[in-house]
Each structure stands twice: as structure tokens, then as C-alpha cells.
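2 protein chains.
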Amino acid sequence: MRGVIMHAPGDVRVEDRDTPTIERPTDAIIRVTATCICGSDLWPYRGVEPVDHTPMGHEYVGVVSEIGADVKNVEVGDFVVGSFVASDNTCEICRAGYQSRCVHNVMMGSIGTQAEYARIPLADGTLVPTPGTPDPDLIPSLLAASDVLGTGWFAAVAAEAGPGKTVAVVGDGAVGLLAILAAKQLGAERIIAMSRHADRQELARRFGATDIVEERGREGAAKIKELTNGLGAHSVVEAVGTQESMDQAIRATRPGGHIGFVGVAHNVSIDGLRLFFSGVHLHGGPAPVRRFLPDLIQLIWDREIDPGVVFDLTLPLEEAAEGYRAMDERRATKVLLTV
Amino acid sequence: MRGVIMHAPGDVRVEDRDTPTIERPTDAIIRVTATCICGSDLWPYRGVEPVDHTPMGHEYVGVVSEIGADVKNVEVGDFVVGSFVASDNTCEICRAGYQSRCVHNVMMGSIGTQAEYARIPLADGTLVPTPGTPDPDLIPSLLAASDVLGTGWFAAVAAEAGPGKTVAVVGDGAVGLLAILAAKQLGAERIIAMSRHADRQELARRFGATDIVEERGREGAAKIKELTNGLGAHSVVEAVGTQESMDQAIRATRPGGHIGFVGVAHNVSIDGLRLFFSGVHLHGGPAPVRRFLPDLIQLIWDREIDPGVVFDLTLPLEEAAEGYRAMDERRATKVLLTV
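Just so you know, the protein sequences line up as chains A and B, in that order. Just so you know, we're using the working numbering here: the first sequence kicks off at 1 and counts up by one. Just so you know, we're using the working numbering here: the second sequence kicks off at 1001 and counts up by one.
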């Protein structure tokens, strides 16, 4: 089969890979319908994380083509969505809603879903079938549920977005934009998008942002306080993962407020005394997307949300290298690869 | 009046100070019945925080001797307990339960309650009268409510201690010990005290600890995991405020678990990536003691809890210097000063 390999930073190629087979009785194989490039794929692309002839990709939707002997919850032919972390969905951590930290978790990035087929470990726990074969126009939104929507949703939940709350979102990438959509769905009263790009501001407003703040850092946080009687937002989503964005999030949150952070923190250090006196709640990490998948699939199926619009470039798998370039150069927010 | 002044690190004296008077119509003056020395008073005593002829103390119980023109909730003669932070209890932050971050907050440490009298700003919001004049043996427990009990209670609440939960407590000072009492009252199933001092272990067990772990740091966290099927505790209280104790708390908490941190963090730095992958909830800060005071006073009044036993040395105010020495040298956990 064909699949994406990152040979080295900046060097993405589509090559022949072995077609995956069932390795354990709990595995399933899916024929990938669509996959995509994640903001986190840019870390190795830019040389910030190590990479060496690595199969890429961890987001996927597709059709089950083969199941292991122990698989009971999905059948060959099912159209399925899964999280970027495979999980048994039965261990104590999964049952508490933290499937991305399942005691048997497998990172799908270690398998590489930017390919024609993918092996899905722990298929019963990981995969959620859609109610039927989706209309083609639903594919991007279902694919978004696999990571960026689920991650944005988790961030909004971790930030305790809800009725009566003012929510500020730091980061206008796909995850930040979808955290806005989530905050809106969760009933937030006011949603402040922090963005200085006109096209992303437009998408933010479409997803439910009521205010836009273009300032960053201390000035951005000061602006949030200005908009909230000097108190700060009740809920802040941090969807970038830099020192500046984390500082901005802490400064923008009122005492007793909540920060949901989902940007993979790179060289971020949080001063204990400052966190102490901020009085905020801080929660984040790799999103337990599986917790939210059934509800998200239903919302998409019922056409109540359209997260797929974050994909602003669609390319065939063979042109993955151009997709990476477009995201790296910020010509695209999020690239969908058709398989 | 007589009051404690810290001239410089290690130099504590009891001297004549001006007796306080009503400065604003929302003030009250109390005749202090008992006050105490806080673990945080040791930071300046040891030269870690600056100090220069500073009036000391922020914990207090006493009898109202004078009220300002606008004070309505307390009367002259009332026996009252107040938090270490004066708060209006009406602003948006107070109403959300974060009175220690009241928009009009006054730190009682800036007034100095280790004295015969103290001015209490925002008396209506700050002071809670007891149901009547307390029996003398209840005084230590009511005094504990003013800070250490309220702080330990907040830590347990921030760590989401409750039924079915395993709670680990890092720190066996007065606050850590009272967090154990709080976790017990909140219904925790299992409470692990981290302590290597026999006398404090005994008090920990009296307050409700079911297990004792003597190891510290990585070994301590490994022991907590061993006791919890390799997962870590659901709830961890961090009541020290050092890098080691914070690291230990993060390591000891399961993914999705909660850390309540109330140790005033000194030179503590939290690595963002590690926090990200830990998947914990982190919440702490100066405890909003006022939120819990009415319930805590009632529990003490009904003799359902006896937090006052954390005071293991009682001295007259005039001997405050010996009290500081005893705590500094760890001869005493917590010193009560009678006035």
C-alpha cells in the first residue's frame, strides 16, 4: 500500500509500505477513507521533535476490512471513526473518561494513518461505527472528530465552558477554532477568540465567537480583563503550547477560573508561585477523544455542527508533501488527505 | 497594646504597638482571644522572604470590641472567627467562592494579629460569629478554622477528595494533617499520609489516615502507585510548597486525578510537557477560608471535629519568640498564643 514517510525534517514522501495485517485478536484493519495532517506533525517537520524515516499520521476515518478473532463491537464493512490513541475503554482510567491514558494505550502516531490501510489496536474500545455509510460531505467533519474536534471539545470541557461563562480561546489553529465551536455547543454566554488573521477570525465568528481580540501576550490578557470587568475570563482554552500562550492563558483567567490546555507544551515552564497566586484551575493533556466520540458523531450526523470546515485544503494522499508545506507556510489551517 | 514585631530574620520581639482604631465605617476592632504562628511565618523568620520591623500574624479569634458605622452582621460582644484574608463576601469573585481573591481583599498579615487587638477590614464579609460564647476547650479548634483547617479543607476540596477516592497527602505539617481530617469528613475511602515523624503519623491516623508512606520524592510516588494498582491516587494534597513536594504530588496522581496545592510555592517550576502528559487537574492558591467557615464552625461547635489538637505548644503572647524558635526547630508543629 501507499503511505506517508517523513525521512527527515522537511522531507515528506509517499512510498510503498507493507499493508498491515491482524497482529492480535483484538486488532482490526481499516481501509482509510480520509486522513489529515495535524499541527503536531509540524513539530518533527520543523525539526523540533526527532524524526527518522517515520510513518506519519494519527487521524483517520474508514471502513473496516478485517477483524481479529476477539473483536465484537465492529464488523467488516462498518464505517468507523477512532481517536488518535487506541484504548481498551474498559480499564479504570478509561472508565473515568481518560481513554488517552488507557493502561493499554497505543499512540496511533506510532502506526501511521496517512496511508491506504491502518491497523487499529484494541478495536472494540477504539472504534465507533457511524449510524450508516455517511454522505460524502460528512467525511471531513467525521475526520475532524478523530482529533481536532475531540481535542477542542476536551479543552472547552476542561476549561468548564458552559452557561453564563465567558470563554477566551488562545490559539486560532484548527483546535482553537473547534474549541470555540465546543464552547458554543456547551452553552457559553460569551466567547472571545484571540486571533489576528482575518480568515480565522471569520471562521471563529462562524463557530460562535462573540468577540475578537487581536492583541497577544500581556496586552492580550489585559484586553480580556478589560472585557470582563477587570476580572478575567471564567474559562480559558490554551491551544498553542508555547510559553507565551500559557502565560497569556494564566493571565487572562480570573481567580477560581479554569484553563483547559491542549497545546503540546514545548519548552514551557510554569512558575509555581505565580500559579499559586493566580488561583486558577489548570487541566489538560492529550485529549481523551474517545470519551466524546459517540456524542460528536451524532451531532455531525444530525448536521448540528460542521467542524469539517476547518479543512481548507484537500489533496490526494500522493500529494501529502505539498500538504505539509502548505501547513508549515500557514497557507492552510488544516489539510485533508483523500485516500 | 502588646504585639509581635519581627525586626529581622530570627529576631522576634513582643513590643508596644498602637492600639488599632476604626479607620473605615466597614471596620471592626476585636479583642484577640487567641492567635498563632503559621508555617508561612517561618519563611521571613528564616530569611527566605524579606522582613523589616514587621507586625506579625494573620490568624485570630476574639471578641468584637468596636464596630464601624456601616457594620451590620456582627455586634460588640460577639465571639468571632475570620479568615486570614479580609473580604467583602459580595463581589463576583467572593460569590464564586474565592474570597481570598476578593476584589477588595486585605491580607490580615499586613495588619498583624499576633497582638492584643486587631482591626478587621470589611467586617461584615470577613467575620463569622460563633453560635455563642465558646467553651474554652473549643478555642484552639476555632482558631484553627481561621487558617490551617480552612486551608487543609480547601486543599482536600481542590483535590476532589470524596467517596470512593484514594487521597494522598504530601506534607505532615498542620495543614497537611488537617487536609487528612477534611478528606475523612468529605468521605474519602482511603487516605495515605506521607510522613516520617512518629508523632505526626499518630495524629494523621487520629484524623483518619488509613495508610502511612515514609518514602519521599520518586520513591514516595512509586509507593503510592504500588498502593493503587499502579495507577496513582485519585486525589493528592500538596501542603509543603517545594519543588520536591510538587514533583512528588504530580507523580503520585493518576491521569485525570486532582491535585490541591496549598503550600506557598517557593522556587517551584512546573515543566509544561510533564504536566501535559500527567493529565492531572491542578488547583490551589491562598485558601478561600471564608467559603468554609460557617460549616467548619458548626462542625467544631457540635464537637464532630477537633482540629485544635494540631496545636502542640501553647504560650502566652509575651513568649512569642520562643514559639517561633520551637516551630523553626521543629520542636512544635503549631504554636498557639494566648492573649
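Note that the Cβ used here is the ideal one computed from N, Cα and C, for glycine as well. A quick note: this is a predicted structure, and the numbers were derived from the prediction, not measured.
Closer than 8 Å to chain A by CB, Leu-1392/B: This structure does not reach residue 1392/B, given that chain B is present from 1001 up to 1339, and the question cannot be answered.
Tell me whether Ser-110/A sits in a helix, a strand or coil according to DSSP, three-state version. Helix at Ser-110/A.
is_contact[Gly-1260/B, chain E] using C-beta, thresh 8 Å: In summary, chain E is missing from the structure at hand, where the protein chains are A and B.
Distance between Pro-307/A and Asn-175/A (C-alpha atoms, nearest Å): Residue 175/A is actually Val in this sequence, not Asn. Val-175/A and Pro-307/A have their C-alpha atoms some 10 Å from each other.
Could you tell me which of Asp-1052/B, Thr-1253/B, Pro-1129/B and Leu-1203/B sits nearest to Arg-1218/B, measuring between CA atoms? When only C-alpha atoms are compared, the closest one is Thr-1253/B.
Can you name the start and end residues of the alpha helix (DSSP H) that Leu-181/A belongs to? Where Leu-181/A is concerned, the enclosing alpha helix (DSSP H) stretches over 174–185.
Kindly indicate which residue of Gly-1187/B, Arg-1024/B, Met-1056/B and Glu-1049/B has the alpha-carbon position closest to the one of Val-1004/B. When only C-alpha atoms are compared, the closest one is Met-1056/B.
Which residues in chain A sit within 7 Å of Phe-1079/B, going by Cβ to Cβ distance? The contacting residues do not exist; Phe-1079/B stays about 30 Å from chain A at best.
Closer than 8 Å to chain A by CB, Gly-1284/B: When Cβ-Cβ separations below 8 Å define contact, Gly-1284/B makes contact with chain A.
What residues of chain A sit near Glu-1059/B, judged by a beta carbon separation below 7 Å? Here the premise fails: no neighbours, minimum Cβ distance about 19 Å.
Closer than 7 Å, Cβ to Cβ, to anything on chain A: give me those residues from the stretch 1231–1250 of chain B, in chain order. Here the close residues are Leu-1231 and Met-1246.
For the alpha helix (DSSP H) that contains Phe-1084/B, what are its first and last residues? From DSSP, Phe-1084/B is part of no alpha helix (DSSP H); its letter is neither H nor E.
Enclosing alpha helix (DSSP H) for Ser-141/A [first to last residue]: Run containing Ser-141/A: 139–145, per the alpha helix (DSSP H) assignment.
For Val-48/A, I'd like the list of residues in its chain whose CB is within less than 7 Å of its CB, leaving aside the five on either flank, ordered along the chain. For Val-48/A, where only same-chain residues beyond five positions count, the Cβ hits under 7 Å are His-266.
Over the uninterrupted alpha helix (DSSP H) stretch that includes Ala-188/A, give me the two end residues. Ala-188/A -> no alpha helix (DSSP H), and no H or E assigned at all.
Inspect the beta-carbon positions of Cys-1038/B and Asp-1147/B and report whether they are closer than 8 Å. Taking 8 Å as the Cβ cut-off, Cys-1038/B and Asp-1147/B qualify as a contacting pair.
State the DSSP-derived secondary structure class of Leu-227/A, mapped to helix, strand or coil. When DSSP states are grouped into helix, strand and coil, Leu-227/A belongs to the coil group.
Arg-46/A versus Met-108/A: straight-line alpha-carbon distance, rounded: Across the structure, Arg-46/A and Met-108/A are spaced so that their CA atoms are roughly 21 Å apart.
Taking all protein chains shown into account, do 16 or more other C-beta atoms lie within 10 angstroms of the C-beta of Thr-1035/B, making it buried, or fewer, making it exposed? Around the beta carbon of Thr-1035/B, a 10 Å sphere encloses 16 or more other beta carbons of the protein chains shown; the residue is thus reported as buried.
Mapping the DSSP letters down to three states, classify Ala-1193/B as helix, strand or coil. Here Ala-1193/B sits in strand by DSSP.
Can you pull the chain B residues whose beta carbon is under 7 Å from the beta carbon of Ala-96/A, in chain order? Within chain B, the residues near Ala-96/A are Gly-1256.
Can we count Gln-298/A as close to the ligand HEM, meaning its CB is less than 7 Å from some heavy atom? Questions concerning the ligand HEM fall outside what the structure shown contains, since it holds no ligand whatsoever.
Proximity to Pro-1050/B [Cα-Cα], best of Gly-1208/B, His-1007/B and Thr-1242/B: Shortest Cα-Cα distance from Pro-1050/B to any of Gly-1208/B, His-1007/B and Thr-1242/B involves His-1007/B.
Please report how far the alpha carbon of Ser-269/A lies from the alpha carbon of Cys-1091/B, in whole angstroms. Approximately 32 Å, taken between the alpha carbons.
How far does the beta strand (DSSP E) with Asp-312/A in it reach, from first residue to last? Segment: none, Asp-312/A is in no beta strand (DSSP E) and carries neither H nor E.
Cβ neighbours of Ala-1069/B in the same chain (closer than 8 Å, five flanking residues each side left out): Within the same chain, Ala-1069/B has close Cβ partners Pro-1025.
Would you list, in chain order, the members of the stretch 1209–1221 of chain B that have their beta-carbon closer than 9 Å to a beta-carbon of chain A? Residues passing the 9 Å Cβ filter: none.
Establish whether the CB of Glu-408/A and some CB of chain B are separated by less than 8 Å. In the structure displayed, chain A extends from 1 to 339; residue 408/A sits before or after that span and is not available.
Could you work out which residues of chain B lie near Gly-164/A, taking near to mean beta carbons separated by less than 9 Å? Ordered by position in chain B, no residue passes the 9 Å Cβ test against Gly-164/A, which lies about 11 Å from the chain.
Roughly how many whole angstroms lie between the Cα atoms of Arg-95/A and Ser-87/A? Distance between the alpha carbons of Arg-95/A and Ser-87/A: 11 Å.
Taking the continuous beta strand (DSSP E) assigned at Leu-1273/B, which residues delimit it? Annotation for Leu-1273/B: no beta strand (DSSP E) segment contains it, though the alpha helix (DSSP H) segment containing it runs 1272–1278.
Just the C-alpha distance for Ile-1300/B and Asp-1135/B, rounded to the nearest angstrom, thanks. Rounded to whole angstroms, the separation of the alpha carbons of Asp-1135/B and Ile-1300/B is 11 Å.
If we count the other Cβ atoms within 10 Å of its Cβ and call it buried at 16 or more, is Gln-114/A buried or exposed? So Gln-114/A counts as buried.
Neighbour-count burial assignment, Pro-20/A, 16 or more Cβ in a 10 Å radius: Residue burial annotation: Pro-20/A is buried, with at least 16 other C-beta atoms found within 10 angstroms of its C-beta.
Report the residue from Ala-1183/B, Phe-1084/B and Gly-1132/B whose alpha carbon sits nearest the alpha carbon of Ile-1297/B. Looking at the Cα atoms, Gly-1132/B is the closest of the given residues.
If I follow the unbroken beta strand (DSSP E) through Arg-1119/B, where does it start and stop? Start and end: 1117–1120.
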